[in-house]
Each structure stands twice: as C-alpha cells, then as structure tokens.
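A.B. asks:
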Amino acid sequence: MKKYDCIIIGAGIAGLTAAIYLERAGKNVLVLESKIHGGQIINTVNIENWPGDLGVSGAELMQKIYQQAIDLGAEVEYEEVIGVVNGDEKIVKTEDEEYKADAIIIATGTEPRKMSEKQTADAGKRAISYCATCDGALYKGKPVVVVGSGNTAKHEIAYLENLASKVYHIHHDDPIPEEAVAVFVAIGRIPNTGIFNGIVDLDQDSYIVASEDCKTSAKGIFVAGDCRTKDIRQLVTAAGDGAVAADAVIKYLG
Amino acid sequence: MEILDFYADWCGPCQMMKPVMAEFEKAHPEVKVTAVNIDEEEELAEKYEVSSIPCIVFIKDNKEVERVVGVASPKKLEKILEKFNA
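Protein chains in written order, with the numbering used here: chain A, 1 to 254; chain B, 1001 to 1086.
1) Applying the criterion that 16 or more other CB atoms from any shown protein chain within 10 Å of the CB defines a buried residue, is A:P51 buried or exposed?
2) In angstroms, rounded to a whole number, what distance separates the CA positions of A:G124 and A:D135?
3) Short of 7 Å Cβ to Cβ, which residues in the region 77-92 of chain A face chain B?
4) Anything in the region 1019-1033 of chain B with a Cβ closer than 9 Å to a Cβ of chain A? List those residues in chain order, please.
5) Rounded C-beta distance between B:I1056 and B:A1008? I'm assuming under 8 Å.
6) Could you check which residue in A:C131, A:D226, A:N151 and A:L32 has the C-alpha nearest to that of B:W1010?
7) Is the separation between the beta-carbon of A:K230 and that of A:Y99 shorter than 9 Å?
8) Take the Cβ of A:L54 as the centre, count every other Cβ of all protein chains shown within 10 Å, and call the residue buried at 16 or more, exposed below.
9) Can you tell me which residues form a DSSP beta bridge with A:H169?
10) For a cutoff of 9 Å on Cβ pairs, would you count B:A1045 as touching chain A?
11) Using the beta-carbon of each residue, which ones in chain A are nearer than 7 Å to B:K1075?
12) Do A:G38 and A:A59 have their beta-carbon atoms positioned less than 9 Å apart in this structure?
13) Using a C-beta cutoff of 9 Å, does A:A59 count as contacting chain B?
14) Express the C-alpha separation of A:G240 and A:G254 in angstroms, rounding to a whole number.
15) Please list the residues of the region 137-164 of chain A that have a C-beta atom closer than 7 Å to any C-beta atom in chain B, keeping them in chain order.
16) If we cut at 9 Å on Cβ distances, does B:D1005 have a partner in chain A?
17) Report buried or exposed for A:I232, applying the criterion of at least 16 other Cβ atoms within 10 angstroms of its Cβ.
18) Could you tell me whether the region 30-50 of chain A touches the region 4-14 of chain A, where touching means 3 or more Cβ pairs closer than 8 Å?
19) How far does the beta strand (DSSP E) with A:R189 in it extend, from its first residue to its last?
20) For B:A1035 and chain A, any beta-carbon pair shorter than 9 Å?
21) Mind checking B:A1022: buried by the 16 CB within 10 Å criterion, or exposed?
22) Against B:I1053, what residues of chain A qualify as contacts under a CB-to-CB distance less than 7 Å, listed in chain order?
23) Please report the straight-line C-alpha distance between A:V185 and A:E161, rounded to a whole angstrom.
24) For A:T44, I'd like the list of residues in its chain whose CB is within less than 6 Å of its CB, leaving aside the five on either flank, ordered along the chain.
25) Can you give the Cα-Cα distance for A:G83 and A:S129, rounded to whole angstroms?
26) Does chain B have any CB closer than 9 Å to the CB of A:N192?
27) Need the endpoints of the alpha helix (DSSP H) that B:E1046 sits in, please.
28) If I measure Cβ to Cβ from A:R189 and keep anything under 7 Å in the same chain, skipping five residues before and after, which residues do I get?
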C-alpha cells in the first residue's frame, strides 16, 4: 500500500491550493478526485471576483492551478473515495485501491441539491439540468422552467431569458408546467460529506464542523473549502482554506 | 468502438474534458473519437437527444451502448471501454 504524508480528497481550488502549499513544504501528496479536477468553478465562464485576472474562465483558471500542483510534484489519481479508516495512520479506500497517509485534508466541496421525489416524478422524461450556462443553449427557442427562489435561480432565469422562448419560474415542490421541455434546478447546494459521517463531526446541514483553523474533530484530519462550516463560500476563501489546512498539516506532521 | 463527444466552446466542463479526451484518443487509436460541436451540429445533438454537455456517447456496432453526461475521469472512460471490449 502506497503511503503519503498527506492525502487530499477533492481537486477543486481548496484541495489543489493545499497540494501546492504542501509540495512547496517538501511533503509528498496524493490528491484523489472522483470526476475531473477543477471543482464547481469550472461551470463559470466569466469570473469577476478573482483578484488579478478579471473575466478568466473557471476552466482556464483551474487548469493552471492543476498544472502548478502537478509541476511541484503532486500526484493526482482519478478515483472515488468510498471510505476512510481513522487512526494514527489513516487509510483511504477508493473503488480500486487503498492508500495510507499520516494526515488527510477533506476538500470535497458541494453538489447541487436535487429536486424532491415528487417534483422529479413530475419532471418525468424531461431534461434536468443544474447549470443554465452549460446547457441553456440546447433549448434555444424552447420553453423551459427554473426551479428555485434564491440568487442562483435569479441568475439562471436572467441567462435563460436570452435563449428560451419562455422561462417559467417555480419554487421547490411546485408542479412543473407542462409546456416546459427542460427543468433547470437551482435550489441550493449540499456538502459532499456522507462518507465522513461518524469520522468527523458534521453540523445539522452535514457540513464538516471546523473553525478558520480548518481542524476537524478528528486528529490529523483537516477540512478545506465549501464543505466546511463557514459564512462565505467563495473561490478566494476556498483557496485560503487550502493554505490554512496545508499549514495545519505541516505543523501536525512536525 | 466509436465515441461521439458532444461539446460546445462556451462550456467550461467541456474545456476540462478536452485534454482527457486527447489522452484517451492517444491511448486508444483503435477507437474512433469524433468531437461534435452542438452549435454546429444541432441535428446530430437532437438525434442523440443530448440534453446536457459534456456528453460522451459510446457506440458499438452502430448502437449506443453507454453514455457519460457531465465531466468524467480518465479512469471511468477506460472502465467503460474495458466493459464493452471484453
């Protein structure tokens, strides 16, 4: 079984920033990612609040950050983590492998909240999308519906109004208009923390409990980015968490 | 095996998949990979009922055998190929 100083779970900006800091400190790092590196921000075409690079696309920014981590020596494997065994030495299990590490950083982010069962059944065979900028153009000149009442829903509506023939707007659990051919869901996000339940403390919404020091309730397990309890979930705060968690790991490893 | 890789220039996740698909093509010259720009080939996108991109459709003996919607790891693509080549 291969052993690392630190295993980072999740290759979004929090995880990759942590990898950069750890590699620069001479630690050997494995980053595990279930899909593709980049995280949630790859859906954003124009980032307007990342200092120093106005209008950069999420994909371009994350490709650069990924390359920086790789060039420094970070290893990235595309495997889904299915469990963690905590102890002085940690074991991280994926579908195919097991890895050992002295420390873990959880940086698994969030995923879109799904519609209720009732609403999903109502949607039937119609397309369901969680990203208007990704999929909106597939419904040019067709009627669509946006589900949700927050800021994201408002953005999705504004974007789709330039494309679709009509944009219906409904709330969570409302019936879906018959005419709509696609359903755009924007009813918030939930943290990807299910597999860590019982290993680290979670709050009532399943976010991993930690303060700004990024330390979880478990010794040697740290958390960075959107899956942590925090007030502001932004690209810069996730990157900041990556640095803080990496520093905490360096001190922990001694 | 043949693969249709539905994408669009304005789609961030599709940009992330580009290097993955390029690597995959290099590793599997026996698989014909065709990138399909949904803005230019609306009919093909409609024929395959592409409702979300990136969308990677695996075709064997002229029949769709599997599709991956959204970003996918290189390993996932390898596993699908293995499954149908076995």
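Note that CB positions come from ideal geometry on N, CA and C, so glycine has one too.
These numbers were taken from a predicted model, which means no experiment stands behind them.
C.D. replies: Result, derived from the coordinates:
1) Exposed is the call here.
2) A:G124 and A:D135: Cα-Cα distance of roughly 18 Å.
3) Per Cβ criterion, the list reads Y78 and E79.
4) Of all residues in the region 1019-1033 of chain B, the ones placed with a Cβ closer than 9 Å to any Cβ belonging to chain A are P1019 and V1020, in chain order.
5) Not quite, the Cβ-Cβ distance comes to about 14 Å (not below 8 Å), so this is no contact.
6) Measuring from the Cα of B:W1010, the nearest candidate turns out to be A:C131.
7) It is not a contact, given that the beta carbons lie outside the stated cut-off.
8) It is exposed - the Cβ of A:L54 has fewer than 16 other Cβ atoms within 10 Å.
9) Its beta-bridge partners are A:V146.
10) In terms of beta-carbon proximity, B:A1045 lines the interface with chain A, with at least one pair separated by less than 9 Å.
11) Per Cβ cutoff of 7 Å: Y78 and E79.
12) It is a contact, given that the beta carbons lie within the stated cut-off.
13) Contact of A:A59 with chain B is assigned, a C-beta pair being separated by under 9 Å.
14) For A:G254 and A:G240, the distance between alpha carbons rounds to 21 Å.
15) Residues are counted here when their Cβ sits less than 7 Å from a Cβ of chain B; for the region 137-164 of chain A these are A137 and L138, given in chain order.
16) With 9 Å as the cut-off, B:D1005 does not count as an interface residue toward chain A.
17) The residue is exposed, with fewer than 16 neighbouring Cβ atoms inside 10 Å.
18) As far as the Cβ criterion goes, the region 30-50 of chain A touches the region 4-14 of chain A, which means the pair count is three or higher.
19) Where A:R189 is concerned, the enclosing beta strand (DSSP E) stretches over R189 to P191.
20) Answer no: the Cβ-Cβ gap between B:A1035 and chain A never drops below 9 Å.
21) Exposed, because fewer than 16 other Cβ atoms sit within 10 Å of the Cβ of B:A1022.
22) The answer, in chain order, is C134 and D135.
23) If you draw a straight line from the Cα of A:V185 to the Cα of A:E161, it comes to about 15 Å.
24) Closer than 6 Å at Cβ, skipping near neighbours: G58.
25) Looking at the backbone, the Cα of A:G83 and that of A:S129 are separated by about 29 Å.
26) Closer than 9 Å: no.
27) For B:E1046, the enclosing alpha helix (DSSP H) has its first and last residue at E1042 to K1047.
28) For A:R189, where only same-chain residues beyond five positions count, the Cβ hits under 7 Å are T110, E111, P112 and R113.
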